[in-house]
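Chains as they are written, first to last, in this note's numbering: chain P, -15 to 234; chain B, 1087 to 1373.
Below: the structure, in structure tokens.
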């Protein structure tokens, strides 16, 4: 069994590999694929760091934070390709620290441009409270589940897993993007693995919800709103859908 | 690393027995972890709502970015970001595959070409010749359940005669509708070129045929293109009833509720049905 320590996350190493591969990619397809993977990973890391920094420095709108991450990721990719940002000799901690500073600076720039005060310094007080990640629609997320509730949640999630497997992969992905991840109708329609018109996506979502609710009711459950543990139990299905579905404009 | 990350929240490391940290969640999200470790982490997520919630936030962010942007390589080789947009509605081809303007396009064109649809009240004679009876659909397992469609029994509908001469396609569409061949009725009625007041009737039938086929979006599009205030009952009330169901189906619950509220104020059978429907929705918690 591979044992890893806390000081040894895997993503910096993977990012380094992607960027190295980018430097030697000769055919456009490989280059595009590698770039896409690196950009997505950079985005994930920067968004995590941005949300963390927002607690300290002040918050920006959900759209702004996504834009900052997207733009900074692109900028980093360009710099890496131009050999202006070299990660080959950097440790995972150095890569992570650098990205944290990029996120911090991006956030400060955005706050200043919009005329909002920035509170600098360790442990500084944010101007905007509650700037954490998205609101938790599943109730109190700061607790662990008790044995009885755990059993009920597991039963619910297992039924949900069975029910989602009765509908088409694209339909259940649309359902997942809305019900689990709260993506908007336009975001779902524009998602590379969906690629439908807004109306069509809305229709598919509605039908998927109806089908899943009906299936859940037959199994003695009320509704399709996920409970604790559902995401982990269904993750295998959806990670596979996200990986394997043919994208319409990907 | 991630000493004050959003996901740490003062937790100790999972390896020490409690929680996953944000780096581990990123590794899980991007499938970098070996299978055994991944399984261990997923088992932890099942029992830990806090870690599961953090994982969901990361996943949500990732998919939102993928939904919003596409990385593209420009002609000069530089890489750029393109904002994604939902796919445009495709133009609808005719039955034979010939390219025709989309239904939406034609509707818009017609609406542009005249300030409003011609009132059919002045020409109700033509419509009145069609003895329309709204009836309850027998289809019991779809959103159209309870929909009042436009059955056109041969003894009730005069689809020949003057109409057939003026708009043969329209007449054929009505016949197909009468026979319950909604698919072909839609094709015929789409291609028909009704004039004057018959245009509103054509759209009413076309909307109902689409409703019978379960196409709520098109039903909404068509019915919203008509000024229902200019249409006499029972067509107007029936169209509102259909529109309410189609709006609810497409997720526009507030608009559907508003129509239902309007209908519920009526003193006739439509009002009674609407109030019944409101009660049903109230009991089911959909309203």
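The C-beta atom is built at its ideal place from N, Cα and C for all residues, glycine as well.
Just so you know, the alpha carbons of residue 1272 (chain B) and residue 1259 (chain B) end up roughly 7 Å apart. For residue 54 (chain P), the C-beta contacts it makes with chain B under 8 Å involve 1151, 1154, 1155, 1167, in order along the chain.
Residue contact check for residue 200 (chain P) against chain B: no CB pair falls below 9 Å. Between residue 197 (chain P) and residue 1310 (chain B), the alpha-carbon positions lie close to 30 Å from each other. For residue 215 (chain P), no beta strand (DSSP E) segment is defined; the enclosing uninterrupted segment is the alpha helix (DSSP H) at 214 to 228.
For residue 1168 (chain B), the enclosing beta strand (DSSP E) covers residues 1165 to 1169. Judged by their CB atoms, residue 217 (chain P) and residue 150 (chain P) are not nearer to each other than the 9 Å cut-off. Look at the beta carbons and you see the region 1160 to 1171 of chain B not touching the region 184 to 196 of chain P: under three pairs across the two are nearer than 8 Å.
Take the alpha-carbon of residue 1294 (chain B) and the one of residue 1328 (chain B): they are about 8 Å apart.
If you check the CB distance, residue 1165 (chain B) and residue 58 (chain P) come in under 9 Å.
For residue 1108 (chain B), the chain P residues whose C-beta falls within less than 7 Å of its own C-beta are 32, listed in chain order. Residues of chain P with a Cβ closer than 9 Å to the Cβ of residue 1311 (chain B) do not exist, since the nearest Cβ in that chain sits about 15 Å away. Using beta-carbon distances, residue 1336 (chain B) counts as an interface residue toward chain P, with a partner under 9 Å. Scanning its chain for C-beta atoms nearer than 8 Å, with the 5 sequence neighbours on each side dropped, one finds around residue -3 (chain P) the residues 76, in chain order. For residue 1113 (chain B), the nearest beta carbon of chain P is closer than 9 Å to its own beta carbon. Among the residues of chain B, those whose CB is under 7 Å from the CB of residue 217 (chain P) are 1132, following chain order. Each of P:219, P:88, P:136, P:91 was checked against the Cα of residue 157 (chain P), and the nearest Cα belongs to P:219. If you check the CB distance, residue 1110 (chain B) and residue 1121 (chain B) do not come in under 9 Å.
DSSP places residue 181 (chain P) in the coil class of the three-state scheme, outside both helix and strand.
If you look at residue 1135 (chain B), you'll find it in the alpha helix (DSSP H) that goes 1135 to 1154. Between residue 37 (chain P) and residue 80 (chain P), the CB-CB gap reaches or exceeds 9 Å. Annotation: the continuous alpha helix (DSSP H) that includes residue 1342 (chain B) extends over 1339 to 1350. Excluding its 5 nearest sequence neighbours in each direction, residue -7 (chain P) has C-beta neighbours in its own chain below 8 Å: 76, 80, listed in chain order. A residue is called buried once 16 or more other Cβ atoms fall within 10 Å of its Cβ, and residue 1278 (chain B) is buried on that count.
For residue 1311 (chain B), there is no enclosing alpha helix (DSSP H), as DSSP gives it neither H nor E. Counting every other CB atom within 10 Å of its CB across the protein chains shown gives residue 97 (chain P) a total below 16, marking it as exposed. Look at residue 1272 (chain B) here: in three-state DSSP terms it is helix. For residue 1130 (chain B), the three-state secondary structure derived from DSSP is helix. The C-beta of residue 45 (chain P) has fewer than 16 other C-beta atoms within 10 Å across all chains shown, which makes the residue exposed. Excluding its 5 nearest sequence neighbours in each direction, residue 15 (chain P) has C-beta neighbours in its own chain below 6 Å: 9, listed in chain order.
In this structure, residue 1154 (chain B) places its C-beta atom within 9 Å of the C-beta atom of residue 171 (chain P).
As DSSP reads the structure, residue 1158 (chain B) sits in a beta bridge with B:1166. The beta carbon of residue 1330 (chain B) is closer than 6 Å to those of 1342, 1345, 1346 in its chain, skipping five residues each way along the sequence. The residue among B:1160, B:1151, B:1158 with its C-alpha nearest the C-alpha of residue 54 (chain P) is B:1151. Going by DSSP, residue 95 (chain P) is part of the alpha helix (DSSP H) stretching over 76 to 97. A direct Cα-to-Cα measurement between residue 1306 (chain B) and residue 1288 (chain B) gives close to 15 Å.
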